[in-house]
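Start counting the sequence shown at 664; every next residue gets the next number (the numbering used here). Working notes, structure below.
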Amino acid sequence: MIRLLFIDDDPKAQQTLSLVLEEEYKVYSAYTGLSGIELVEEIHPDVVLLDINLPDIDGLEVLERINNSSHAPPTIMLTAYSDVHLIK
Numbered sequence: 664m665i666r667l668l669f670i671d672d673d674p675k676a677q678q679t680l681s682l683v684l685e686e687e688y689k690v691y692s693a694y695t696g697l698s699g700i701e702l703v704e705e706i707h708p709d710v711v712l713l714d715i716n717l718p719d720i721d722g723l724e725v726l727e728r729i730n731n732s733s734h735a736p737p738t739i740m741l742t743a744y745s746d747v748h749l750i751k
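Here it is, written out as structure tokens:
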């Protein structure tokens, strides 16, 4: 089963993704960037879905740390922003 780590602070988004993908994916949830970074090292996910706007650290910083980790899975960035200029 594919291990997917979803790093997003929105509980409804976490719940929806888990329900939609539960048959084919083992979905792990992290609600902050720091907890997501820890889980990457702990569970070695096959793929990460990462929100840009997180409550503790910027998603782009999380991406950089994930890419520098001993296990750097493919990461897909997500945002609800409609204007790319709002992204730092």
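Quick reminder that beta carbons are idealized off the backbone N, C-alpha and C, glycines included.
Exposed unless 16 or more other CB atoms sit within 10 angstroms - verdict on Y744:
exposed
Does the Cβ-Cβ distance between V703 and P736 come in under 8 Å?
yes
Taking just the CA atoms, how far does S732 sit from L667?
17 Å
In chain order, which beta strand (DSSP E) runs of at least 3 residues are fully inside the stretch 698-740?
710-714
Which residues does DSSP list as the beta-bridge partners of K689?
R666
Measuring only the C-alpha atoms, how far is R728 from H734?
11 Å
Euclidean distance between Cα positions of I670 and E687:
19 Å
Own chain, CB closer than 6 Å to G696, minus 5 neighbours either side, in chain order:
L717, D719, I720 and V725
P674 versus I739 - alpha carbon distance:
19 Å
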